[in-house]
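Student: One point on numbering: in the numbering used here, the residue at position 425 of the sequence shown is 582, and numbering is uninterrupted.
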Amino acid sequence: MSYRTIKRLLGETSLERKCRFLFGGALLLLITGSFYVYAQLNLQIVRDQYRQRARLLITQNLLSIHAAIDPEAPPDAARSGADRSRDLSRPFVAEEFRAKGWDFIYKNWQLLSSEERPSETFEFDVIDRFAPRAPERPTEDHYVYEDPKTDSYHYFEPIYAGPTKELIAGRTCYDCHQHRVAGLQEGDLMGVAKISFSLQKTTRDIARNHAVLIAMAIVDAFLAMLASYAIVRYVIVKPVQHLKEVSDSVAHGDLDKRADIRTGDEFEELSHAFNRMLRHLVNAQEELRHVNINLDAKVDELARANLSLHQMNKLKNEFLATMSHELRTPLNSILGFSDVLADSDNITDRQKKYLTNIQTSGRNLLSLINDILDLAKIEAGKMERHIVDFSISDLVERATAAMLPLAERKNIALQWRVDPAIPTLRQDSGKLQQVLYNLLSNAVKFTPEGGRVQVSIVPGPDNTLDLVVADTGVGIPLEDQAMIFEKFRQGRALPGQQDALTREYEGTGLGLSIVKELTRLLGGEVSLESEFGKGSTFTVRIPIQLDCPLDFAAAGEPEFETDGSPRSRMLAFGGSAAGAP
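This is how it looks when you write it as structure tokens:
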């Protein structure tokens, strides 16, 4: 039987079949083994009885023969050997044995006539077997030979000239035969007594007993298999099958189905546990149904709220764009007329001061309006890119030159450096310049007098460049870095200041929000690394060649990374954060 067959019988069949196979097979082996051992023991008993009967008959025959020829034997020993043998053997063996079963084989058979010599080959072997003197002589005191050809039993017992066997009147074989046999010594083999009888009747009886035993074994095995089948079928498999049917019904939606097993054993306890599980499942499903109904209602409510917010946001953007556009026209007129008045020679110093205030406030308001218009265009998806080839060195030089007067008024060292390995860019130069200008404006604004602002352009990975603006300003607290790129937000300038909307420095709070949106528009990402009180480093990573269209819907949300310091944090938009050079 192959491994696959055994696996299929024991591992891939039903529980009932496996139990029948295993239990029935075990019973069959036990019954077969028990009956086999019993038959062998009976056969051994029969053989022992043969040996004991033959030993007794040999002794009696020897006594009878010696009593008949010994004149000194007692009167009761003079009884004929045939009669004594017949009386002794009558309870044991058949009639033909009592007449023909006895024989004596002499050691010196060569001196006998042909009729008195051994007639079978195995008889010579027996003489040779017991002929050696001690210590070469075999230890057993008899020899049994079963002839399969004639189906006969032959028992041989050696007769030695020694004190081991007293036959008549306390005399041994040696006492009587030492004068009759030349050279006979004490302990020599004189001959072998043989008892022979047929085994045919005994063999038939044994075969009949074996047949009865085999039949009983088959009947017992069959009855045991029937009993095992009934036990497995009705005690084990039936409750399990019932539980399976109930579980199948529940799986098909019949939640009212319950297990009903009344056996008073572990299967009944299992059915109670199964029913408790079903009740718990039904209750949980009912609770889940109510939760789903409430969730659907919440989802509908949230969808309506999102739609309303989207519409409100759209109206807000349209309102801001319209109002900003409407405000910019009169504001440009105000700034124009203020410039004309400022060039006039017939105004007083007090009037010049007022005109300066008007121009400053007007330009701040115009910057705010322009920022709002830019954000509105970006959020509406109407901001277009104008891709041209340009030198990044020229762009950085123009931006730093525009910011240099403000830096000099605060005694801030403004430095810039462009890696010579940076090739000509194919990007939107106007939007990149606006990004750099906003970062420089923030850096100069939040850096105290005597500080330093550094602009660096270095190569980045995968055909990109990093625009890095580092300052030694006030820095941004860790808890404010997550919202610093939101609209109208500024970091805290003083420890203990809680609201980021409360501004310590002037400005609209839209610069970094515009930087984030424009960087995404240019296909890049912006990251922040800052330590409160020590300065900030903004890194803008953009592709050197911007040729493919961008998928703004796939742009990532801000990601935050920390280097383990409680005061340092990296913040990135659209990709992985980049640190300062």
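By construction, the Cβ of each residue, glycine as well, lies at the ideal position given by its N, Cα and C atoms.
Can you give me the C-alpha to C-alpha distance between residue 386 and residue 176, rounded to a whole angstrom?
Tutor: Rounded to the nearest angstrom, the two C-alpha atoms are 8 angstroms apart.
Student: My guess is that residue 200 and residue 363 are in contact by the Cβ rule of under 8 angstroms, so how many angstroms apart are they, rounded?
Tutor: So it is a contact: roughly 6 angstroms between Cβ atoms.
Student: By the DSSP assignment, the beta strand (DSSP E) with residue 353 in it spans what residues?
Tutor: Taken as a continuous stretch (DSSP letters only), the beta strand (DSSP E) holding residue 353 covers 345-355.
Student: Spell out the partners DSSP gives residue 182 in its beta bridges.
Tutor: Partner(s): none; residue 182 has no beta bridge.
Student: Touch check for the region 528-539 and the region 501-516: three-plus C-beta pairs under 8 angstroms?
Tutor: The answer is no - the region 501-516 does not touch the region 528-539, with fewer than three Cβ pairs under 8 angstroms.
Student: The alpha helix (DSSP H) with residue 398 in it runs from where to where?
Tutor: Counting along the chain, the alpha helix (DSSP H) containing residue 398 begins and ends at 395-408.
Student: Under 8 angstroms Cβ to Cβ from residue 356, same chain only, skipping five residues before and after it: list those, please.
Tutor: Counting only Cβ-Cβ distances below 8 angstroms, and skipping sequence neighbours, we find 303, 308, 309 and 310.
Student: Quick one: what does DSSP say residue 342 is sitting in, helix, strand or coil?
Tutor: DSSP places residue 342 in coil when its eight states are reduced to three.
Student: Using the three-state DSSP reduction, which class does residue 564 fall into: helix, strand or coil?
Tutor: Correct three-state label for residue 564: helix.
Student: According to DSSP, is residue 176 helix, strand or coil?
Tutor: Three-state DSSP puts residue 176 in a helix.
Student: Which residue from 451, 669 and 436 puts its Cα closest to that of residue 415?
Tutor: Of the candidates 451, 669 and 436, the one whose C-alpha sits nearest the C-alpha of residue 415 is 436.
Student: Which residue comes first and which comes last in the alpha helix (DSSP H) that contains residue 287?
Tutor: That run of the alpha helix (DSSP H) goes 278-287.
Student: Hey, how far is the Cα of residue 628 from the Cα of residue 486?
Tutor: Residue 628 and residue 486: Cα-Cα distance of roughly 36 angstroms.
Student: Between the region 597-614 and the region 562-580, can you find at least three pairs of beta-carbon atoms closer than 8 angstroms?
Tutor: Because the criterion of three Cβ pairs below 8 angstroms is met, the region 562-580 and the region 597-614 touch.
Student: Given a cut-off of 8 angstroms on the beta-carbon distance, is the pair residue 670 and residue 642 in contact?
Tutor: Yes; because the gap between Cβ atoms is below 8 angstroms, this pair is in contact.
Student: For the region 373-381 and the region 185-193, state whether three or more C-beta atom pairs, one from each stretch, are separated by less than 8 angstroms.
Tutor: Short answer: they touch.
Student: Where do the N-terminal and C-terminal ends of the beta strand (DSSP E) with residue 703 fall, by residue?
Tutor: Here residue 703 belongs to no beta strand (DSSP E), and DSSP marks it neither H nor E.
Student: Over what stretch of residues does the alpha helix (DSSP H) that includes residue 671 continue unbroken?
Tutor: Segment 668-678, the alpha helix (DSSP H) holding residue 671.
Student: Given this structure, state the Cα-to-Cα distance separating residue 439 from residue 445, to the nearest angstrom.
Tutor: Each residue's Cα considered, the two are about 10 angstroms apart.
Student: Name the DSSP beta bridge partners of residue 303, please?
Tutor: DSSP output for residue 303 lists 310 as bridge partner(s).
Student: Given 8 angstroms as the limit, is there contact between the region 541-557 and the region 581-593, that is, 3 or more CB pairs closer than that?
Tutor: Yes, they touch.
Student: Return the first residue and the last residue of the alpha helix (DSSP H) that residue 511 is part of.
Tutor: Counting along the chain, the alpha helix (DSSP H) containing residue 511 begins and ends at 506-537.
Student: Which term fits residue 347, buried or exposed, when burial requires 16 or more other beta carbons within 10 angstroms of its beta carbon?
Tutor: Result: buried.
Student: Nearest-angstrom Cα distance between residue 556 and residue 459?
Tutor: Each residue's alpha carbon lies about 46 angstroms from the other.
Student: With the cut-off set at 8 angstroms, would you say residue 211 and residue 352 are in Cβ contact?
Tutor: The answer is yes: Cβ separation under 8 angstroms.
Student: Does the contact criterion of 3 or more C-beta pairs under 8 angstroms hold for the region 693-702 versus the region 678-685?
Tutor: Yes: at least three Cβ pairs fall under 8 angstroms.
Student: Can you tell me which residues form a DSSP beta bridge with residue 627?
Tutor: For residue 627, which the question treats as bridged, DSSP gives the partners 611 and 694.
Student: Around the C-beta of residue 470, are 16 or more other C-beta atoms found within 10 angstroms, so that it is buried, or is it exposed?
Tutor: Exposed.
Student: Between residue 343 and residue 294, what straight-line distance do the alpha-carbon atoms span, to the nearest angstrom?
Tutor: Looking at the two C-alpha atoms, the distance is approximately 14 angstroms.
Student: Around the C-beta of residue 560, are 16 or more other C-beta atoms found within 10 angstroms, so that it is buried, or is it exposed?
Tutor: The residue is buried, with at least 16 neighbouring Cβ atoms inside 10 Å.
Student: Would a C-beta distance cut-off of 8 angstroms place residue 668 and residue 700 closer than the cut-off?
Tutor: No, they are not a contact pair.
Student: Could you work out which residue in 289, 298, 262 and 299 is closest to residue 281 when comparing CA atoms only?
Tutor: Taking only the C-alpha atoms, the option nearest residue 281 is 262.
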